[in-house]
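Residue numbers (UniProt numbering): 1 to 433. Virtual Cβ for every residue (Gly too), placed ideally from N, Cα, C. Fair warning: this is a prediction, and the values are worked out from it, not measured in the lab. Down below is the structure, laid out as C-alpha cells.
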C-alpha cells in the first residue's frame, strides 16, 4: 500500500495540467485581481481638500465656525476649549454664544478633511483658487451660514470618478459636515429666539450635542476585511473543485475496462480497496499542498487577511480538499466513460458552480447573494459556495460556529460522494480481462 501511495503521489506531481490549474491559475488570477482592485481601498479613502477660509466680518460673527474648521483640519483649538469652560460667568447672550461654540466643537469628525489657508477677503481667496493653490473657498454669509465654493477644475475631477475617487468621497463628507453645522446653528438660533431662557439649562445643550453626533462608526466584524476578498475566496472555491482531477485519474486508472493499467491493477495482489485508499491519500495530499500554496499567495502577497485565523484557514483547506477528493472519486467511478470525458465533466462542474458562488464579477456576486437569501438550500448544496463560506466565516464572524457548521456541511457532502463512488465501484464486474 505504501508503494502504491508513493507511485500515485509521483504520478500526481507529474500531472502538469493539474499543477497548472491548481497553482499557476489561482496565482495568475489573484495577481490580476490585485492589480485591478488592489488600490480600491486607498482610492476610497478620505484625503484633505485644500481650501481658502475667508475670515472677514461675517466669519467672525458666525458662532463656532472657527471651532468647526479647526476640527476639520485636525488642529488644536485652545480658544474653543476655553469658551466651553467660561459659560458660568457669562451673561445670557454671551452664554448662548459660548454654549453654541461648545456644541459645534463636540462634533466628532474622526478624519482630517481640510488643508486650510486663511485669508482676509474673498478676493484673496479667489486669487488662490485661480492659481490652483486651493480647490475651494469656505466663507460665511450675513446669517452665520458657511458655504463651500469649488473651482470648475475640482468639480470636473470629482465628477470623473475614474480620476480621483478619494476627492469625491472627501467632498461628500465635507458637504455633509458643513450641512450639519448649518442645520445645528439654525436650530440653536431658532430655539433661543423662541425661548431665550433655554440657554441657562444644561439639558438644552446636551440635547443639541446629541443631535450633532447622530452617526457613529462601529465595527461589526472582528477585523476590517478587504472589500474584494469575496473574489479571492470564490477563486479558492473554483480551484478546490478543479482538484477533482487527481482522484478522477486515480479511480479511472484502476478500472480494468478503461486502460491497460487498470487491467494490471485488477489482477495485482493488493486489493482494490487498498489501492484506492492509497490513491485517495495521495490525491488529498497533493490537492492540500496546491491549495495551501494558492492560499499563502493570496494571504501574504495579495494581502487578503483572515483576521489572524490562519490556522483555521489551513484547516479549511484540509476539509475542502477532502470534499473535492470525495467528489472526484464519485465522478471517477462512473462506468464506461474515459478519463478525458470525466475530466471535462469535472471542469464544467467547477466552472458552472463558480458562477453561483460569485466568481465572475458583480452580476455573479448579486446572483450568489440572491440565491443565499431566496433559496438557501441551493446555496447549501453548492460545493464552491460552501468552500468560499469557510473563509467568509473566518472574516465576518467573531464566533467559530459558522465555520464549524460549514465544515460539517462539507464533510456531509464528502460522505455522500464517497458512498456513491464506493457503490458504483463495488457493482463493477468484468466478464473477462
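Let me make sure I understand the geometry here. Which of 404, 53 and 292 has the alpha-carbon closest to that of residue 146? 53
Under DSSP, the beta strand (DSSP E) around residue 136 begins and ends at which residues? 136–140
Applying the 10 Å Cβ sphere with the 16-neighbour rule, what's the burial state of residue 358? buried
What does a CB cutoff of less than 6 angstroms around residue 182 pick up in its chain, not counting 5 residues either side in sequence? 145
Which runs of the alpha helix (DSSP H), 4 residues or longer, sit entirely within the stretch 314–383? 339–355, 362–374 and 376–380
I'd like to confirm the pairing. Which residues does DSSP put opposite residue 172 in its beta bridges? None, per the DSSP bridge assignment.
If we count the other Cβ atoms within 10 Å of its Cβ and call it buried at 16 or more, is residue 280 buried or exposed? buried
Which residues in the same chain have their Cβ closer than 6 angstroms to the Cβ of residue 328, if we skip the five residues on either side of it in sequence? 244, 247 and 248
Looking only at its own chain, which residues have a Cβ that is under 6 angstroms from the Cβ of residue 233, when we skip the five neighbours before and after it? 388 and 391
When DSSP labels each residue in this structure, what does residue 441 get in the three-state scheme? Here the chain comprises residues numbered 1 to 433, so residue 441 is not present and cannot be evaluated.
Is residue 311 helix, strand or coil when you go by DSSP? helix
Am I right that residue 51 and residue 136 are in contact with their C-beta atoms under 8 angstroms? What's the rounded C-beta distance? 5 angstroms
Does the stretch 322–336 come close enough to the stretch 411–421 that 3 or more CB-CB pairs lie under 8 angstroms? yes
When you compare the CB positions of residue 291 and residue 321, do they come within less than 8 angstroms of one another, or not? yes
Among 143, 114 and 306, nearest to residue 63 - alpha-carbon criterion: 143
Could you pull out every residue in the same chain whose Cβ sits closer than 8 angstroms to the Cβ of residue 13, ignoring the five residues on either side in sequence? 19 and 286
Candidates 399, 116 and 27: which alpha carbon is nearest residue 312's? 399
Reducing DSSP to helix, strand and coil, say where residue 51 ends up. strand
Starting from the Cα of residue 345, find the closest Cα among 70, 361 and 241 and give me that residue. 241
Can you give the Cα-Cα distance for residue 133 and residue 49, rounded to whole angstroms? 11 angstroms
Check each candidate in 173, 140 and 333 and name the one with the smallest Cα separation from residue 423. 333
Best match in 356, 360, 364 and 151 for proximity to residue 376 [C-alpha to C-alpha]: 356
Neighbour-count burial assignment, residue 2, 16 or more Cβ in a 10 Å radius: exposed
At the level of alpha carbons, what is the spacing between residue 10 and residue 324? 20 angstroms
Please classify residue 147: does DSSP put it in a helix, a strand, or coil? strand
Between residue 128 and residue 56, what straight-line distance do the alpha-carbon atoms span, to the nearest angstrom? 16 angstroms
Three-state class that DSSP yields for residue 440 in the structure shown: In this structure the chain extends from 1 to 433, so residue 440 is not present and cannot be described.
Among the candidates 309, 15 and 22, whose CA atom is the shortest distance from the CA of residue 294? 22
With a Cβ-Cβ cutoff of 8 angstroms, do residue 174 and residue 113 count as a contact? yes
Collapsed DSSP secondary structure at residue 152 in the structure displayed: helix
Residue 130 to residue 157, Cα distance in whole Å? 16 angstroms
What is the C-beta distance between residue 33 and residue 231, in whole angstroms, given that I count them as a contact (C-beta under 8 angstroms)? 5 angstroms
Could you check what DSSP says for residue 282 in three-state terms: helix, strand or coil? helix
Since residue 240 is in the alpha helix (DSSP H), which residue starts that stretch and which ends it? 229–242
Among 251, 306 and 300, which residue has its Cα nearest to the Cα of residue 283? 251
Could you tell me how far apart the beta carbons of residue 69 and residue 36 are, in whole angstroms, since I believe they sit closer than 8 angstroms? Actually they do not touch by this definition, with Cβ atoms about 38 angstroms apart.
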